[in-house]
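To start, the structure itself, in structure tokens.
2 protein chains.
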Amino acid sequence: MKTIESIQNKIIKERSKLSLKKERDKSSLFLVEGKHMIEEALQAGCLKELYILMGENNPFSFEAIYCTQAVLNKLSNQNSDAKMIGVCTKPKYEDKEFSRILLLDTVQDPGNFGTIVRTAHSFGFDAIFYSKGCADIFNLKTIQSSQGAFFHIPVIQADLREKIPTLQKQGISIFATALHEKSIFLQEVVIPERYGIVLGNEGQGIAKDIIALCEHCLKIEMDTFESLNVGIAASICMYHFRYTRKEV
Amino acid sequence: MKTIESIQNKIIKERSKLSLKKERDKSSLFLVEGKHMIEEALQAGCLKELYILMGENNPFSFEAIYCTQAVLNKLSNQNSDAKMIGVCTKPKYEDKEFSRILLLDTVQDPGNFGTIVRTAHSFGFDAIFYSKGCADIFNLKTIQSSQGAFFHIPVIQADLREKIPTLQKQGISIFATALHEKSIFLQEVVIPERYGIVLGNEGQGIAKDIIALCEHCLKIEMDTFESLNVGIAASICMYHFRYTRKEV
């Protein structure tokens, strides 16, 4: 049985750096906490190392390294008293042709980003493309909010200014969500076979030149002129495109 | 010009206790931060005291007390470096007869609760009733997520086991959101004139005996068997009940 009792352990010190984006980018590794997330990582073939609190059972068919709570807290870089932590390799996605796509322009809040990924997977979307300015998908907060959905749905960083024209050439209609003069209400949208929906930044919305690339602009009906949280707006659009029955 | 420079100031020490729920309950006061929230409080007639950082302008027609940053941080009980803080009286709501109602059973996360209140106001709901086990609506996190929408829509604590039968006697149909054997899909719901929608706890859903009180159970369509965040589920239901056009 492998054990680690010292927070000075070299591998723990190394892995604890994974709380930083630049270290995750460099190593293509990231951390997950808790049984559910580790299970997801294992199923996806992404689990590389498993650290479990001494005295706890190992519910996985994967060799564990048993650690003190101090070592686990050092590893996670927060005093969350996690009982199990997984070190994962980033999932590899096939960038094939998709039909139901979400595109995120500078969605900065990790909680919003994660929730959107979780909902997109639930609603059977094929892929998410996100701009460089978005939160990191492998940030612990994003991961928790996503409930690990990114193990199932491709979440791919892309330059939306290049990706949108590429998708359009594949026959995919792109809809911007924006309070634009040419915006129509969500209920008025004629939903095509293959589509991409663009959501924007929490404060600024979608960049103007990205809106200009989209063939369609839509807005969500509201009684009072308030803004919606971007996760809420994304979910309502996805649900409507996917499930609302049209008697045409 | 009134100023406070000492964190030992009696009123500041007193007001700083408002970060605790029991103090808010006792005094019927709560704190808000930032220009937008203070504006909302002022318009709603709920602003009682206004504290602004020395050297900043007062954009409100309301007398300010100018404070050092240390005093403002003491007041807010967090090192958020807020430039303006309002002490507010809790809004008084008329408990009249409503037609579009949300009922929350033990929604514990302040961010979820606040987002639901914000969306309910945007979608023209009349009132929210929430059980004792929910997050506190006057918690700073709930307030921020709600964007102050509770100044516009009644958010009332209630015993749902009493409130649901009362609403039913008023002719309001009550829908539980639950993965129950009698649940029908959201798209199949025949939407009545007056309705209440019940949402449940993040982990446990709605308590069984509360589900039993509801005439209808509904579930949201999904491609993969995942759970949805309660704020997302609430918003999709509200949007659908409010805006989806039915060609019957």
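Protein chains in written order, with this note's numbering: chain E, 99 to 346; chain V, 99 to 346. Even glycine gets a Cβ: it sits at the ideal position worked out from N, Cα and C.
Checklist entry - Identify the residues that DSSP records as bridge partners of Thr275/E: which are they? => result DSSP, once it has assigned bridges, lists Leu316/E as partnering Thr275/E.
Item to check | Those residues which DSSP pairs with Gly246/E across a bridge | outcome: In the DSSP output, where bridge partners are listed per residue, Gly246/E has none listed.
Checklist entry - Looking at the structure shown, is Arg198/E part of a helix, part of a strand, or coil, going by DSSP? => result DSSP places Arg198/E in the strand class (E or B) of the three-state scheme.
Item to check | Validate contact between the stretch 261-272 of chain E and the stretch 208-220 of chain E using beta carbons, cut 8 Å, 3 pairs | outcome: Flag = no, the stretch 261-272 of chain E and the stretch 208-220 of chain E do not touch.
Checklist entry - With burial defined as no fewer than 16 other Cβ atoms inside 10 Å of the residue's Cβ, what is the status of Ile163/E: buried or exposed? => result A buried status is given to Ile163/E, since no fewer than 16 other beta-carbon atoms sit within 10 Å of its beta-carbon.
Checklist entry - For the alpha helix (DSSP H) that contains Cys335/V, what are its first and last residues? => result Looking at the DSSP string, the run of the alpha helix (DSSP H) that includes Cys335/V is 328-341.
Next on the checklist: Give me, in chain order, the residues of the same chain whose beta-carbon lies closer than 6 Å to that of Ser244/V; leave out the 5 immediate sequence neighbours on both sides.
Outcome noted: Excluding residues within five positions, the ones whose Cβ falls inside 6 Å are Gly212, Val215, Arg216.
Item to check | Cβ shell of Leu201/E (< 6 Å), same chain only, five flanking positions each side left out | outcome: Only Phe227, Leu258, Gly294, Val296 meet the Cβ criterion.
Checklist entry - Checking contacts by CB at 9 Å: is Ala247/E closer than that to chain V? => result Using a CB distance cut-off of 9 Å, Ala247/E counts as an interface residue toward chain V.
Checklist entry - Under a three-way DSSP split, which group does Glu103/E fall into? => result The answer is coil: DSSP assigns Glu103/E none of H, G, I, E or B.
Checklist entry - Do the stretch 141-150 of chain E and the stretch 167-186 of chain E meet, that is, are 3 or more Cβ pairs less than 8 Å apart? => result Contact between the stretch 141-150 of chain E and the stretch 167-186 of chain E is present: three or more C-beta pairs spanning the two stretches fall below 8 Å.
Next on the checklist: Here's the rule I'm using: 16 or more other beta-carbon atoms within 10 Å means buried, otherwise exposed. How should Asp307/E be labelled?
Outcome noted: Exposure of Asp307/E is indicated by the presence of fewer than 16 other C-beta atoms within 10 angstroms of its C-beta.
Checklist entry - DSSP on Val346/V, reduced to helix/strand/coil? => result In this predicted model, Val346/V has a pLDDT of only 47, less than 50, meaning its place in the structure is not dependable; the value taken from the coordinates is given anyway. Correct three-state label for Val346/V: coil.
Item to check | Beta-carbon proximity check, Ile241/V vs Val328/V, cutoff 9 Å | outcome: Against a cut-off of 9 Å, the Cβ pair of Val328/V and Ile241/V comes out as no contact.
Checklist entry - Cα-Cα, which of Ala247/E, Leu173/E, Asn177/E, Asp193/E is closest to Lys115/E? => result Distance check between Lys115/E and each of Ala247/E, Leu173/E, Asn177/E, Asp193/E places Leu173/E closest, using alpha-carbon atoms only.
Checklist entry - Any idea what DSSP makes of Gly153/V, helix, strand or coil? => result In this structure, DSSP gives Gly153/V a state outside helix and strand, which the three-state scheme calls coil.
Item to check | Secondary structure of Lys124/V, DSSP reduced to three states | outcome: Note: Lys124/V maps to helix in three-state DSSP.
Checklist entry - Taking Cβ to Cβ, would you say Val169/E is nearer than 9 Å to Ile272/E? => result It is not a contact, given that the beta carbons lie outside the stated cut-off.
Checklist entry - Going along chain V, which residues have a C-beta under 9 Å from Leu107/E? => result Checking the sequence shown, residue 107/E turns out to be Asn, not Leu. What Asn107/E touches in chain V: nothing, since even the nearest Cβ is about 33 Å away.
Checklist entry - Hey, Thr275/V and Leu316/V: beta-carbon distance below 9 Å or not? => result Yes, Cβ-Cβ distance for Thr275/V and Leu316/V is below 9 Å.
Next on the checklist: Going by C-alpha to C-alpha distance, which of Glu121/E, Gln106/E, Leu148/E, Ile105/E sits closest to Met99/E?
Outcome noted: That would be Leu148/E, whose Cα lies nearest to the Cα of Met99/E.
Checklist entry - Within 10 angstroms of its Cβ, does Ile289/E collect 16 or more other Cβ (buried), or is it exposed? => result Ile289/E is exposed by the Cβ-count criterion.
Checklist entry - So does Asn155/E have its beta carbon nearer than 8 Å to some heavy atom of the ligand PLP? => result What this structure holds is no ligand at all, so the ligand PLP is not there to describe.
Checklist entry - Taking the C-alpha atoms as reference points, what is the distance between Asn171/V and Ile235/V? => result Asn171/V and Ile235/V have their C-alpha atoms roughly 22 Å apart.
Next on the checklist: Tell me the rounded alpha-carbon separation between Lys124/V and Arg113/V.
Outcome noted: C-alpha separation (whole angstroms): 12 Å.
Checklist entry - With distances taken between CB atoms, is the gap from Gly222/E to Arg340/E smaller than 9 Å? => result For Gly222/E and Arg340/E, yes; Cβs fall inside 9 Å.
Next on the checklist: Please state whether the Cβ-Cβ distance between Ser117/V and Gln176/V is less than 9 Å.
Outcome noted: With contacts defined as CB atoms closer than 9 Å, Ser117/V and Gln176/V qualify as a contacting pair.
Checklist entry - Exposed or buried, which one is Ile109/E when buried takes at least 16 other CB atoms within 10 Å? => result Exposed, because fewer than 16 other Cβ atoms sit within 10 Å of the Cβ of Ile109/E.
Checklist entry - Of all the beta strand (DSSP E) runs that stay within the bounds of the stretch 278-316 of chain E, which reach a length of 3 or more residues? => result At a cut-off of 3 residues, the continuous stretches assigned as beta strand (DSSP E) that sit fully inside the stretch 278-316 of chain E are 293-297.
Checklist entry - Does the beta carbon of His134/V sit closer than 9 Å to a beta carbon anywhere in chain E? => result Put simply, the CB of His134/V is far from chain E, with every gap to its CB atoms at 9 Å or more.
Checklist entry - chain E partners of His219/V, CB-CB under 9 Å? => result Residues of chain E passing the Cβ test: Asp321, Thr322, Glu324.
Next on the checklist: Helix, strand or coil, according to DSSP, for Ala142/V in the structure here?
Outcome noted: Under the three-state reduction of DSSP output, Ala142/V falls in the coil class, being neither helix nor strand.
Item to check | Residue range of the unbroken beta strand (DSSP E) whose run includes Thr187/V | outcome: Thr187/V -> beta strand (DSSP E) spans 182-187.
Next on the checklist: Using DSSP's beta-bridge definition, name the partner residues of Ala225/V.
Outcome noted: DSSP lists Ile199/V as partners of Ala225/V.
Item to check | Cutoff 9 Å: Gly222/E Cβ touching any chain V Cβ | outcome: Using a Cβ-Cβ cut-off of 9 Å, Gly222/E counts as an interface residue toward chain V, since at least one Cβ of chain V sits closer than that to its own.
Checklist entry - Could you give the distance in angstroms between the alpha-carbon of Val346/E and the alpha-carbon of Glu286/E? => result The predicted model places Val346/E with a pLDDT of 47, which falls under 50 and marks its position as unreliable; any figure quoted below should be read in that light. Our two residues, Val346/E and Glu286/E, have alpha carbons roughly 12 Å apart in a direct line.
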